[in-house]
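Visitor:
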Amino acid sequence: MTVSKSRADNIRRTRTLTLASLAPMYVMATLAWAEAWREIALTGLVGYAAISLTFAGAIHWGRVLNQFNQSNQFPTQLFGVLAAFIGWAGLLLPKELSIPMLSAGLMFLWGTEQMLFNDELPKWYGQLRTQLTAGAVLAMLIGWAAAMMPMF
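Mapping of the sequence shown onto the numbering used here: position 136 corresponds to residue 122, and the numbering continues sequentially without gaps.
So, in structure tokens, the structure goes:
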């Protein structure tokens, strides 16, 4: 197998796994519309979003681990930890507040990556992150609408 074939296969597999990772969010967001499932589904949605934020932040730690001798990596590490803190804080709030906060956190992470790290990341990764963030935020908004239903 050639290097370019392996690379293409790995990118394809990464895309498939990444987009499939949206399934739990959409399942939870959909279940949240059923009153009997609302509480557990929203808890699952919030938890999954918090984990997703942490994972996305950790990618930047992994990206700089072999660059410690080259330059100060503290800002990138801090950015990665900030994503985890946003996710953790979202777990502490009522779901009516945590869902929009975690959605904003996902958009913040994506936007910061686009502004600060776009030149350092592969083009396919940026495109995939855009699709993933849009899909995740849409699922979160569907769940948030279900969370707000009892108020109306």
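All residues carry an ideal CB built from backbone N, CA and C; glycine is no exception.
Please read these numbers as outputs of a predicted model, since none were measured by experiment.
1. Need the endpoints of the alpha helix (DSSP H) that LEU51 sits in, please.
2. Count the CB pairs spanning the stretch 98 to 110 and the stretch 13 to 25 that are closer than 8 Å, and state whether there are at least three.
3. So does the stretch -10 to 8 actually touch the stretch 47 to 67, counting three or more Cβ pairs closer than 8 Å?
4. For ALA132, which residues from the same chain have a beta carbon less than 6 Å from its beta carbon, with the 5 sequence-adjacent residues on both sides left out?
5. Quick one, are the C-beta atoms of ILE72 and LEU107 less than 9 Å apart?
6. Grab the span of the alpha helix (DSSP H) containing MET126 for me, first residue to last.
7. The alpha helix (DSSP H) with LEU92 in it runs from where to where?
8. If the criterion is Cβ atoms closer than 9 Å, does the pair LEU127 and ILE85 meet it?
9. Could you pull out every residue in the same chain whose Cβ sits closer than 8 Å to the Cβ of LEU77, ignoring the five residues on either side in sequence?
Guide: This is what the structure holds:
1. Looking at the DSSP string, LEU51 is not in any alpha helix (DSSP H), and its letter there is neither H nor E.
2. No, the stretch 98 to 110 is not in contact with the stretch 13 to 25.
3. no
4. ALA18 and TRP19
5. no
6. 109 to 134
7. Per DSSP, LEU92 belongs to the alpha helix (DSSP H) from 81 to 98.
8. Yes.
9. VAL32, GLY33, ALA36 and SER84
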